[in-house]
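For the sequence shown, the working numbering assigns the number 586 to the initial residue and increments by one for each residue that follows.
C-beta atoms are modelled at their ideal positions from N, C-alpha and C, and glycine is treated no differently.
Model, not experiment: these values are computed from the prediction.
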Amino acid sequence: MPNMTTTQRDAISLPATGLQIYNTDCGYIDYYNGTCWVSMSKSIPDPDPITSTPATTTFCSG
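Shown next, in the form of structure tokens:
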């Protein structure tokens, strides 16, 4: 998996849908969903046995 900064990631002119990179600025795995970059590492909530927490998607700002 390629390691790169947010600036390097954003400089990819035509990323393939599903492309994954490790974002060294944020420490997250990002993937391109065909429209924009999405951070996978923050899209999965921590398990909570008492309450239900909806999943959220966090975009890495740079």
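Straight-line Cα distance separating residue j from residue i
i: LEU604; j: GLN593; result: 14 Å
i: GLY619; j: LEU599; result: 10 Å
i: THR602; j: CYS621; result: 9 Å
i: MET625; j: TYR613; result: 7 Å
i: TYR607; j: TYR617; result: 12 Å
Test: residue i CB closer than 7 Å to a CB of chain B
i: SER624; result: Among the protein chains of the structure shown there is no chain B, as only one such chain exists.
Residue(s) in a DSSP beta bridge with residue i
i: GLN593; result: GLN593 pairs with nothing; no bridge assigned.
i: ASN608; result: MET589 and TYR613
Residues near residue i in its chain [Cβ-Cβ closer than 8 Å; skip 5 each side]
i: THR609; result: ASN588, MET589 and THR590
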